[in-house]
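Q: Chains A and B are the protein sequences, given in the same order. Quick note: the first sequence uses the UniProt record's numbering, first residue 1, plus one each step. Quick note: the second sequence uses the UniProt record's numbering, first residue 1, plus one each step. No residue lacks a Cβ here, since even glycine has one placed at the ideal position from N, Cα and C. Source: prediction; values computed, not measured.
Protein chains: 2
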Amino acid sequence: MTAPNAFPVLSSKSELEEGTVFAPRFDTNGLITCVTIDAHTNQLLMVAYMNAEALRKTLDTGTVWYWSRSRQELWHKGATSGQIQTLVEMRTDCDQDALELRVTVGGDGGCCHTGRLSCFYRSVQLSDGTLKLVQNSK
Amino acid sequence: MTAPNAFPVLSSKSELEEGTVFAPRFDTNGLITCVTIDAHTNQLLMVAYMNAEALRKTLDTGTVWYWSRSRQELWHKGATSGQIQTLVEMRTDCDQDALELRVTVGGDGGCCHTGRLSCFYRSVQLSDGTLKLVQNSK
C-alpha cells in the first residue's frame, strides 16, 4: 500500500536524469529543497522546503505550500500575509532533489517576513579584512 | 580555540536578520544550501551545498567551491570541466541559512554534468492525469 501523497521512486541514474517520470527525491527528513523565483522579474525570492504532502497540495491547488521546519507544520505561504504564491511553472534538476518554483505573488508581491520583497536582501562584502553584510536593493 | 574555517555564530534573531555580521548557519551535517545564478542572464544554474571549508575557499579564491555530498569531498566546480564559477556577488537570506551565489561561468558557460547549461532543464507538467517531465529550453 502506498501513502496517499507518495511519488514514484527511481533508482536508475539515467531514468532520473533523462526520463519523463517525476520522481522527486526527498532527503532523510522527508524534505526537498525549493528555490522560489518571481516568474515576471526572474528575482530569487526565497529558499524553503516541501515534504510530500506540501508538494502534493501545491500541485493540486496551484498555490505553493511548504513544510515549515521551525514550526514543524504545513505552511500555505501567504495564508495570513496575502502573499500567496501562484505556481506558473515547476522545474526539477538533473537528479531531482531540488525544485525551481516560478511563481506570481499576491498581496504586496513580497515574500520575506521582514517586509522585504526577497529574503536575499543582504550581500556579503569584505571590508577592512572583515566580512560584513550590506543591504542590497532587494 | 576556533577551527581555522570557523564563522561567527549568532543566536539573536534580530542580529541574524538585521545585523551586519555574516554568520552563516550550517545544518546538522555542517552544510549550507547554495543557489547559483548566472549574474549576466539571471538564470538559475544549480543548487548545491558548502561546508565551512568550501565557503572559506570560495571567499578566499573568488571562485566557487562546494561540498560534494555524493563524493563526500571538497569540489572546486569546473576544475575538470573548465566551467569555473567566478563569484560576482554573494547574498544571504534573512535567517542566514542559505546563500545566493551570483557568478560568471568559464568554459562553455554551463554547469550541468548532463551537458545542459542549467541543471533545471525539465518542467513538471500534468498530462492525462499524470505528472510528466518535459524538457524546457534550458
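1. I'd like the list of long-range same chain contacts for Asn51 of chain B, defined as Cβ closer than 6 Å, with 5 residues on each side in sequence excluded.
2. Find out if the Cβ-Cβ distance for the pair Phe22 of chain B, Val124 of chain A is shorter than 8 Å.
3. For Ser127 of chain A, count the other beta carbons within 10 Å of its own beta carbon; 16 or more makes it buried, fewer makes it exposed. Which is it?
4. According to DSSP, what are the bridge partners of residue 149 of chain B?
5. Pick from A:Ser118, A:Ala6, A:Gly110: whose alpha carbon is nearest that of Arg56 of chain A?
6. Check whether the Cβ of Met1 of chain A lies closer than 8 Å to any Cβ atom in chain B.
7. Once DSSP output is grouped into helix, strand and coil, what is the label at Met1 of chain A?
8. Identify the residues that DSSP records as bridge partners of Ala98 of chain B: which are they?
9. Alpha helix (DSSP H) containing Ser14 of chain B: first to last residue?
10. Kindly say whether His113 of chain A, judged by its beta-carbon, lies nearer than 8 Å to any beta-carbon of chain B.
11. Give me the chain B residues within the contact set of Asn136 of chain A, using Cβ-Cβ distance strictly less than 9 Å, ordered along the chain.
12. Checking 8 Å against the spacing of the C-beta atoms, do Asp60 of chain B and Gln83 of chain B come in under that value?
13. Could you tell me whether any Cβ in chain B is nearer than 8 Å to the Cβ of Leu101 of chain A?
14. Counting only the same chain and skipping the five closest in sequence on each side, list residues whose C-beta sits under 7 Å from that of Thr104 of chain A.
15. Is Leu131 of chain A close to chain B, meaning its C-beta is less than 8 Å from at least one C-beta of that chain?
16. For a test of the three-state rule: what should DSSP assign to Thr28 of chain B, helix, strand or coil?
17. Leaving out five residues on either side along the sequence, give the residues of the same chain with a beta carbon under 7 Å from the beta carbon of Met1 of chain A.
18. For chain B, find out if any of its Cβ atoms is closer than 8 Å to the Cβ of Arg122 of chain A; answer yes or no.
19. Is Ala48 of chain B near Thr36 of chain B, with beta carbons less than 8 Å apart?
20. Express the C-alpha separation of Met46 of chain A and Leu99 of chain B in angstroms, rounding to a whole number.
21. Identify the contact partners of Val35 of chain B in chain A, using a Cβ-Cβ distance below 7 Å as the criterion.
22. Whole angstroms is fine: what's the gap from Arg122 of chain A's alpha carbon to Gly129 of chain B's?
23. When the distance is taken between beta carbons, is Cys119 of chain B closer than 8 Å to Cys94 of chain A?
A: Taking the structure as given:
1. Result list for Asn51 of chain B: Gly30, Leu31, Trp67, in chain order.
2. The answer is yes: Cβ separation under 8 Å.
3. exposed
4. Nothing about residue 149 of chain B can be read from this structure; chain B reaches only from 1 to 138.
5. A:Ala6
6. With a pLDDT of 45 at Met1 of chain A, under the threshold of 50, the predicted position of this residue should be treated as unreliable, though the coordinate-derived value follows. So, not an interface residue.
7. With a pLDDT of only 45 at Met1 of chain A, under 50, the local geometry of the prediction cannot be trusted, and the value read off the model is given with reservation. Looking at Met1 of chain A - three-state DSSP - the assignment turns out to be coil, as it is neither helix nor strand.
8. Listed as beta-bridge partners of Ala98 of chain B by DSSP are B:Thr33.
9. 13–18
10. yes
11. Glu89, Arg91
12. No, these two residues do not count as a Cβ contact at 8 Å.
13. Output row for Leu101 of chain A: interface = no.
14. Ala39, His40, Thr86, Val88
15. yes
16. coil
17. Per-residue confidence for Met1 of chain A stands at a pLDDT of 45, beneath the threshold of 50, marking its modelled position as unreliable; no derived number is given.
18. yes
19. yes
20. In a straight line, the C-alpha of Leu99 of chain B is about 10 Å away from that of Met46 of chain A.
21. Val35, Leu44, Val47
22. 42 Å
23. Against a cut-off of 8 Å, the Cβ pair of Cys119 of chain B and Cys94 of chain A comes out as a contact.
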